[in-house]
Structure formats: structure tokens, C-alpha cells
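The opening residue of the sequence shown carries number 4 in this note's numbering; numbering runs sequentially from there.
Quick reminder that beta carbons are idealized off the backbone N, C-alpha and C, glycines included.
The next block holds one structure in the form of C-alpha cells; read it before the comments.
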Amino acid sequence: MYLAAGMKVRAMESPEWMELFVSCSLPSGLIRMLFPQTAKGTVLTEDPYPSSTAAVDKGAVTYLARRLLNEKTAEDEKLWEFGVIGHGPGSAPCWRTSPT
């Protein structure tokens, strides 16, 4: 399940302030999600970004994801949209409490 947050970020712009805000807002905080490259497209989304983080709550795991938009900036630069992907029982309430 992917929930688009509607947050658009320019290519090469750091999402660190968003991640800090989310980490301080969730009971579990955010956990750095390390994964082997071979996991892409299997249990993970096709393209989790390298610093992707996850939150856990009551048997569910949700993680931040991004996707490239067709929309571009006025300077014709790429735009990414951040969202949340959830897995497991209770993942919907977990991401609904996320302030993203």
C-alpha cells in the first residue's frame, strides 16, 4: 500500500528535515533501513532510496519511499514525491499517524 504524501522535492535536495520531523513524531522513531541491492523489487519497492527509513508499530512496518514525477520544476529539473509504504497487520493506522 503506497500513500502519497504530496511532498515534492527537487532532485539532489535532501529530505533530512522531513525525516527528522517524522522521527520525532512517531513512538518508534525512524529506523535506518539497510537492505541488500538484491531485495529491490522483491519484498521492497522497486527503488527504495539509499537512506530510506522505517517505523514499526504493532506488527506493522512502514517505510518512506519516493517516486519520480512526470512534473518538472520551472527550470526543467526532476521532481520526486515522498510517500509511505506499509506492510503487515495494522500498517494502515501506522502510516495514517505519520505527519508526512
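Just to confirm my understanding: we take Gly9, look at its own chain, exclude 5 residues before and 5 after, and list those with CB closer than 8 Å. What are they? So the list reads Glu84, once near-sequence residues are dropped.
Please list the segments of the alpha helix (DSSP H) lying wholly inside the segment 17-87, counting only runs of 4 or more residues, in order along the chain. Runs of the alpha helix (DSSP H) inside the segment 17-87: 19-28.
Within 10 angstroms of the Cβ of Ile34, are there 16 or more other Cβ atoms? Answer buried if so, exposed if not. Ile34 comes out exposed.
Have a look at Val59, Glu16, Gln40 and flag the residue whose alpha-carbon is nearest the alpha-carbon of Ile88. By alpha-carbon distance to Ile88, the top candidate from Val59, Glu16, Gln40 is Val59.
Look at the alpha carbon of Pro39 and the alpha carbon of Thr45, and state the distance between them as a whole number of angstroms. Whole-angstrom Cα-Cα distance: 11 Å.
Give me, in chain order, the residues of the same chain whose beta-carbon lies closer than 7 Å to that of Gly179; leave out the 5 immediate sequence neighbours on both sides. Here the chain covers residues 4 to 103 and nothing more, so residue 179 does not appear.
May I ask you to report which of helix, strand or coil DSSP gives Gly9? DSSP places Gly9 within a strand segment (E or B) once states are collapsed to three.
Label Gly32 either buried or exposed according to how many other C-beta atoms from any shown protein chain fall within 10 Å of its C-beta, with 16 as the threshold for buried. Answer is exposed; the Cβ neighbour count stays below 16.
Presumed contact (8 Å Cβ cut-off) between Glu74 and Arg13, rounded CB distance: At roughly 11 Å, the Cβ-Cβ gap does not stay under 8 Å, so Glu74 and Arg13 are not in contact.
In angstroms, rounded to a whole number, what distance separates the CA positions of Met21 and Met15? Distance between the alpha carbons of Met21 and Met15 is about 15 Å.
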